[in-house]
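To start, the structure itself, in structure tokens.
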Amino acid sequence: MMLRLMRDLKEPPTAGLGGFALGVGVEMIDETLHSLMGPMMKKMSRGINRGALETWLTPEQANTLFRRGKIDQSYWDLLTKSEGYADIVARQLYTAEMPFPSIPDVITYARYHGDPNTPWSTAKDIVDIDAVDWPVWDWLALQRLNTLQIQTLYKRGIIDETAATFKLAEAGWRGADVDYVKQMSWIIPNAMLLVQGDLHRRISESEILKDIVKADINPAYAQKYLDAILTKPASQDIIAYELRNDPSLSNLPAMLQRIGIHPDYTDIYKTLAYPIPPVADLIT
Numbered sequence: 000m001m002l003r004l005m006r007d008l009k010e011p012p013t014a015g016l017g018g019f020a021l022g023v024g025v026e027m028i029d030e031t032l033h034s035l036m037g038p039m040m041k042k043m044s045r046g047i048n049r050g051a052l053e054t055w056l057t058p059e060q061a062n063t064l065f066r067r068g069k070i071d072q073s074y075w076d077l078l079t080k081s082e083g084y085a086d087i088v089a090r091q092l093y094t095a096e097m098p099f100p101s102i103p104d105v106i107t108y109a110r111y112h113g114d115p116n117t118p119w120s121t122a123k124d125i126v127d128i129d130a131v132d133w134p135v136w137d138w139l140a141l142q143r144l145n146t147l148q149i150q151t152l153y154k155r156g157i158i159d160e161t162a163a164t165f166k167l168a169e170a171g172w173r174g175a176d177v178d179y180v181k182q183m184s185w186i187i188p189n190a191m192l193l194v195q196g197d198l199h200r201r202i203s204e205s206e207i208l209k210d211i212v213k214a215d216i217n218p219a220y221a222q223k224y225l226d227a228i229l230t231k232p233a234s235q236d237i238i239a240y241e242l243r244n245d246p247s248l249s250n251l252p253a254m255l256q257r258i259g260i261h262p263d264y265t266d267i268y269k270t271l272a273y274p275i276p277p278v279a280d281l282i283t
């Protein structure tokens with residue numbers, strides 16, 4: 000494509016194309032030379048700078064160092080005057096770059112050092128605030144009810160559902176999210192209380208497991224949680240049952256372990272399982 004363009008520049012097929020091609024060609028040559036000469040010019044510039052060493056700190060950098068006590072007054076004067084600043088202008092530049100409270104911070108100060116309900120008179124003496132913009136600045140500096148506070152007011156009945164919806168919209172919630180946030184206002188009973196209530200009402204096990212998950216128990220562990228909190232037989236009940244079914248108590252260790260008895264203590268339970276005959280029977 001480039002070769003074709005070069006041929007057209009050499010022998011343009013039409014007069015109009017010749018003029019256009021000439022302009023394009025000049026521009027291409029200029030861009031090419033600029034790309035080729037750029038690195039060389041940078042190299043020359045760096046060499047000159049190394050020899051001249053005439054790059055100084057800017058007034059802004061000088062002000063920062065002077066403010067931090069890193070340079071003295073005479074050096075600061077030299078740097079600012081070298082940039083053409085008169086003493087008074089240099090001092091004004093220095094003052095202009097000093098940290099200054101933001102408008103919301105000024106309004107906060109004005110509330111504590113003036114009328115907290117109308118801080119304008121105090122704030123305007125500290126910073127120039129456009130009177131037209133003042134209501135916006137004043138409102139932005141106000142405290143506003145957050146989502147948690149709105150939920151609390153709603154739960155306590157201080158505001159009704161309509162007011163809660165409006166307040167939540169003001170706080171930035173929209174559409175269905177408003178209803179979700181209102182639902183999150185309340186906590187639900189813990190998983191154990193939910194299970195006890197469901198058992199009392201004879202709810203199905205599948206529904207009980209759903210309620211356990213609603214109480215923040217991982218679904219993968221809902222069944223284990225249910226198994227863990229349900230009441231188990233006492234050890235004495237298990238021993239009596241096993242004695243009736245198998246006097247050798249071969250299944251007793253497994254049954255005791257299911258209710259939390261450590262295997263190391265199984266022998267104690269097995270020994271105590273067999274009653275000692277009364278003294279009179281032993282004498283006989």
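Counting with numbering that gives the first Met the number 0, you get residues 0 to 283 for the letters of the sequence shown. Glycine included, every Cβ here is placed at the ideal spot set by N, Cα and C. Just so you know, these numbers come straight off a predicted model, no measurement behind them.
Whether or not the segment 187-202 and the segment 157-170 are in contact is what I'm after, with contact meaning three or more pairs of Cβ atoms, one per stretch, closer than 8 Å; do they touch? no
Checklist line | Trp55, DSSP secondary structure in three states | finding: coil
The alpha helix (DSSP H) that contains Lys231, what's its start and end?
It is not in any alpha helix (DSSP H) - Lys231 carries neither H nor E in the DSSP assignment.
Apart from the five residues on each side of it in sequence, which residues of its chain come closer than 7 Å, Cβ to Cβ, to Lys154? Ser184, Trp185
Exercise. Identify, in the order they occur along the chain, each residue of the same chain with its Cβ nearer than 8 Å to the Cβ of Ser234, setting aside the five sequence neighbours on each side.
Key: Leu255, Ile258, Ile260, Tyr268
Margin query: What does the alpha-carbon distance come out to for the pair Ile70 and Pro58?
Written below: 13 Å
Inter-residue Cα distance where the pair is Leu167 and Tyr93: 46 Å
Using beta-carbon positions only, say whether Leu242 and Ala214 come within less than 9 Å of one another.
no
Quick check on the DSSP output: the alpha helix (DSSP H) that includes Ala162 runs from which residue to which?
160-169
Thr63 to Thr54, Cα distance in whole Å? 17 Å
Quick one: is Thr230 buried, meaning 16 or more other Cβ sit within 10 Å of its Cβ, or exposed?
-> exposed
Exercise for the section: Between the Cα of Arg110 and those of Tyr84, Gln142, Lys209, spot the shortest distance and give me the residue it belongs to. Expected result: Gln142
Buried or exposed, going by whether 16 or more other CB atoms sit within 10 Å of the CB of Val105?
buried
Considering only heavy atoms of the ligand SAM, does any lie closer than 8 Å to the CB of Ala89? Judged by which ligands are present, the structure shown has none, so any question about the ligand SAM falls away.
Buried or exposed by the 16-neighbour rule on C-beta atoms within 10 Å, applied to Thr270: exposed
Query - CA-to-CA distance, Trp136 to Met97, given in whole angstroms - result: 22 Å
*Counting only runs that start and end within the segment 194-252, where is the alpha helix (DSSP H) found for 4 or more residues in a row?*
204-213, 221-228, 234-244
* Asked: Can the beta-carbon of Val180 be found less than 9 Å from the beta-carbon of Gln150?
  -> yes
Exercise for the section: Please state if the CB of Ala61 and the CB of Thr79 are separated by a distance shorter than 9 Å. Expected result: yes
In three-state terms, what does DSSP make of Tyr84?
coil
Find the nearest neighbour of Ser203 within the set Tyr220, Ala219, Asp266, Leu225, judged by alpha-carbon distance. Leu225
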